[in-house]
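Trainee: Please read through the structure below; I'll follow up with questions.
Protein chains: 2
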Amino acid sequence: MISIVIIGLGNIGTHLYKAFNSADGFTVSQLYNRTQNKLNAFPKALNSTTDLSKLIEADVYIIATSDDSIDTISSALPFTNKLVVHTSGSVPIHALANKNRKGSFYPLQTFSNDTPINFKEVPICIEAQNTSDLLVLQNLAEKLSNKVFHITSEQRKSMHLAAVFANNFTNHMYYIAEQICKENNVPFTILSPLLKETAQKLDSLSPYNAQTGPAKRNDIGTIDRHLKELTNTSYKEIYTAISKSITNTYEKKL
Amino acid sequence: MISIVIIGLGNIGTHLYKAFNSADGFTVSQLYNRTQNKLNAFPKALNSTTDLSKLIEADVYIIATSDDSIDTISSALPFTNKLVVHTSGSVPIHALANKNRKGSFYPLQTFSNDTPINFKEVPICIEAQNTSDLLVLQNLAEKLSNKVFHITSEQRKSMHLAAVFANNFTNHMYYIAEQICKENNVPFTILSPLLKETAQKLDSLSPYNAQTGPAKRNDIGTIDRHLKELTNTSYKEIYTAISKSITNTYEKKL
Numbered sequence: 001m002i003s004i005v006i007i008g009l010g011n012i013g014t015h016l017y018k019a020f021n022s023a024d025g026f027t028v029s030q031l032y033n034r035t036q037n038k039l040n041a042f043p044k045a046l047n048s049t050t051d052l053s054k055l056i057e058a059d060v061y062i063i064a065t066s067d068d069s070i071d072t073i074s075s076a077l078p079f080t081n082k083l084v085v086h087t088s089g090s091v092p093i094h095a096l097a098n099k100n101r102k103g104s105f106y107p108l109q110t111f112s113n114d115t116p117i118n119f120k121e122v123p124i125c126i127e128a129q130n131t132s133d134l135l136v137l138q139n140l141a142e143k144l145s146n147k148v149f150h151i152t153s154e155q156r157k158s159m160h161l162a163a164v165f166a167n168n169f170t171n172h173m174y175y176i177a178e179q180i181c182k183e184n185n186v187p188f189t190i191l192s193p194l195l196k197e198t199a200q201k202l203d204s205l206s207p208y209n210a211q212t213g214p215a216k217r218n219d220i221g222t223i224d225r226h227l228k229e230l231t232n233t234s235y236k237e238i239y240t241a242i243s244k245s246i247t248n249t250y251e252k253k254l
Numbered sequence: 255m256i257s258i259v260i261i262g263l264g265n266i267g268t269h270l271y272k273a274f275n276s277a278d279g280f281t282v283s284q285l286y287n288r289t290q291n292k293l294n295a296f297p298k299a300l301n302s303t304t305d306l307s308k309l310i311e312a313d314v315y316i317i318a319t320s321d322d323s324i325d326t327i328s329s330a331l332p333f334t335n336k337l338v339v340h341t342s343g344s345v346p347i348h349a350l351a352n353k354n355r356k357g358s359f360y361p362l363q364t365f366s367n368d369t370p371i372n373f374k375e376v377p378i379c380i381e382a383q384n385t386s387d388l389l390v391l392q393n394l395a396e397k398l399s400n401k402v403f404h405i406t407s408e409q410r411k412s413m414h415l416a417a418v419f420a421n422n423f424t425n426h427m428y429y430i431a432e433q434i435c436k437e438n439n440v441p442f443t444i445l446s447p448l449l450k451e452t453a454q455k456l457d458s459l460s461p462y463n464a465q466t467g468p469a470k471r472n473d474i475g476t477i478d479r480h481l482k483e484l485t486n487t488s489y490k491e492i493y494t495a496i497s498k499s500i501t502n503t504y505e506k507k508l
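This is the structure in structure tokens:
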């Protein structure tokens, strides 16, 4: 039985707690959060604390706090030579304090507190400094997910950047689309099948081959009309920058 | 039995042909394409032509050509007072020549020749100049799809612009993500569940509430690291423009 302490109960920490809780072979022995109010949402029977000096003995400590606090928190841990991992996509494992054994346990998915996640389909990227720690993490990850990858800090950093484009920026495209619909009394739900198909299509086509639209055709008439229609300066800038990049991509390669 | 002539056999024309062909209540009486080679891919028994002057009598003529040629082709039609519709998202119906009754039949989906489409889920936006023509189009649309909307030219134009963001630009985000993965020997398929979840999430959350990532948190440290990591100038510009817009969105409203 592997014992786990989760440090930080934001989106990722909470989803990890739920996932560990419904899987076999390990136990969440303690939860830490800086403030008490988040802890109140968890079962009372669970050992929980707002004081790092009161962390108890466990096999793995998972730091699921904001990127900026990983350094401080890992330095403040009241023990040495334990396996301490963080869940950040963009922070290398060497950012963890030297006094413990370092690792990473990065679930590559978008987490919102309200939306349940099927963890079996979530790729989990793991990294450790030695083989036995890597095996512990692999054991842990395979209980949660069917998709476990060994990924170096360098690869994880670039994957996180790729995910910013594929998830954060994509979501902002949805947001802009919704704003345009609202301004023109068109229900945003009309676009819903299109959004899903755009993501689904990648099962059979590369993004290069899936591209359509005025920028790909270098259809300057339509692009100009669209730019006139957009009143928001930020949206105009985004439209111009992406269209230019699409046009370049296909000019180059054709 | 409603008879249909499809003019232009690009992605949309071809998908419409397949959809009409597998539904009841109407018949595709003729296909037109500018060049013969596209026509060769269709059943020989079908009446087809490369000569607009040879178009035969039908109830509805669907112009599924490029936006720029809708004007020319509708002017060249060898008849008057027939129902002529186009399938363009961005062209108003008044762009069709005056000699026929005008309408629009716009399936809002991304079409690639190789990927089969479940038309039942594709929103079809229709518009006509009089009620009886609108009913013909509605009859046609409802045979193909469960989602039929009456949309004005003005609304359709803005919906098309929204779709450029939600589909074309989103796909380019995927493309950039794939390039970043390739450069760093990370399999792009790791991102696949994330892409799907990003679109799926909108069933339960608005894009405003679904947003995550460094730009939303105004996490300048991570944004700077990402900009340093990006070597492609176009990608840097896109990263900057979208991040600025996300940060503005949440600054304004918080």
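Here the protein sequences come in this chain order: A and B. So the first sequence is numbered by the numbering used here: it starts at 1 and just counts up by one. So the second sequence is numbered by the numbering used here: it starts at 255 and just counts up by one. A virtual CB, placed ideally from N, CA and C, is assigned to each residue, including glycine.
Give the residues of chain B in contact with A:E229, contact being defined as C-beta atoms less than 9 Å apart.
Mentor: Listed along chain B are K411, S412, L415, each with a C-beta nearer than 9 Å to that of A:E229.
Trainee: Just reading off the beta strand (DSSP E) that A:T27 is part of, what are its end residues?
Mentor: 26-32
Trainee: Would a C-beta distance cut-off of 8 Å place A:Y61 and A:I126 closer than the cut-off?
Mentor: no
Trainee: Is the beta carbon of A:I70 less than 8 Å from the beta carbon of A:S88?
Mentor: yes
Trainee: Identify the residues that DSSP records as bridge partners of B:Y360: which are they?
Mentor: Looking at the DSSP assignment, B:Y360 forms a beta bridge with B:C379.
Trainee: According to DSSP, what are the bridge partners of B:H404?
Mentor: B:I380
Trainee: Does DSSP classify B:R355 as helix, strand or coil?
Mentor: Collapsing the DSSP output to three states places B:R355 in a strand.
Trainee: Give the list of continuous alpha helix (DSSP H) stretches no shorter than 4 residues that lie fully inside the region 55-101 of chain A.
Mentor: 70-76
Trainee: Short check: CB of A:S75 to CB of A:V84, under 8 Å?
Mentor: no
Trainee: Can you find a C-beta in chain B that's less than 8 Å from the C-beta of A:P214?
Mentor: yes
Trainee: Going by DSSP in three states, A:I180 sits in which element: helix, strand or coil?
Mentor: Note: A:I180 maps to helix in three-state DSSP.
Trainee: Would you give the residue range spanned by the alpha helix (DSSP H) that B:V390 belongs to?
Mentor: 385-398
Trainee: On the three-state DSSP scale, how would you describe B:I474?
Mentor: helix
Trainee: Between the C-alpha atoms of B:Y462 and A:Y106, what's the straight-line distance to the nearest angstrom?
Mentor: 25 Å
Trainee: Do you know offhand how far A:S29's Cα is from A:E57's?
Mentor: The alpha-carbon atoms of A:S29 and A:E57 are separated by roughly 9 Å.
Trainee: Quick check on B:T304: does DSSP put it in helix, strand or coil?
Mentor: coil
Trainee: Could you give the DSSP three-state label for B:L508: helix, strand or coil?
Mentor: Low local confidence applies: a pLDDT of 49 at B:L508 is under 50, so the model's placement there is unreliable, and no value is given.
Trainee: Is B:V259 helix, strand or coil by DSSP?
Mentor: strand
Trainee: Please determine, among B:S344, B:K470, B:K336, B:Q363, the residue with the shortest C-alpha to C-alpha distance to B:N352.
Mentor: B:K336
Trainee: Just how far apart, CA to CA, sit A:N40 and A:A199?
Mentor: 38 Å
Trainee: What does a CB cutoff of less than 8 Å around B:P377 pick up in its chain, not counting 5 residues either side in sequence?
Mentor: P361, L362, Q363, S399, K401, V402, F403
Trainee: By how many angstroms is the C-alpha of B:K298 removed from the C-alpha of B:G467?
Mentor: 54 Å
Trainee: Report the rounded CA-to-CA distance for B:L300 versus B:N275, giving the unit in angstroms.
Mentor: Approximately 11 Å between the Cα atoms of the pair.
Trainee: Check for me: the alpha helix (DSSP H) holding B:T289 runs from which residue to which?
Mentor: It is not in any alpha helix (DSSP H) - B:T289 carries neither H nor E in the DSSP assignment.
Trainee: For B:I496, does the three-state DSSP call read helix, strand or coil?
Mentor: helix
Trainee: What does the alpha-carbon distance come out to for the pair B:I370 and A:G103?
Mentor: In the sequence as displayed, the identity of residue 370 of chain B is Pro instead of Ile. Looking at the two C-alpha atoms, the distance is approximately 44 Å.
Trainee: Roughly how many angstroms separate the alpha carbons of B:L391 and B:T281, rounded to a whole number?
Mentor: 14 Å
Trainee: Which same chain residues end up closer than 6 Å to A:T247 when comparing Cβ atoms and leaving out the 5 residues on each side of it in sequence?
Mentor: A215, N218
Trainee: So for B:L459, helix, strand or coil by DSSP?
Mentor: coil
Trainee: Could you check how far apart the C-beta atoms of A:N171 and B:Q409 are, in whole angstroms? I think they sit under 8 Å.
Mentor: That belief does not hold up - the Cβ atoms of A:N171 and B:Q409 are roughly 24 Å apart, past 8 Å.
Trainee: Apart from the five residues just before and just after B:M255, which ones in its own chain have a Cβ nearer than 8 Å to its Cβ?
Mentor: Once the five neighbours on either side are set aside, the close Cβ partners of B:M255 are G279, F280, T281.
Trainee: Is A:L255 helix, strand or coil when you go by DSSP?
Mentor: Look at the range of chain A in this structure, 1 to 254, and you will see that residue 255 of chain A is not part of it.
Trainee: Name the residues in the region 173-188 of chain A whose C-beta lies less than 9 Å from a C-beta of chain B; which are they?
Mentor: Listed by position along the chain: M173, Y174, Y175, I176, A177, E178, Q179, I180, C181, E183, N184, N185, V186, P187, F188.
Trainee: What does the alpha-carbon distance come out to for the pair A:K157 and A:S90?
Mentor: 5 Å
Trainee: Could you give the first and the last residue of the continuous alpha helix (DSSP H) run that contains A:T198?
Mentor: 192-200
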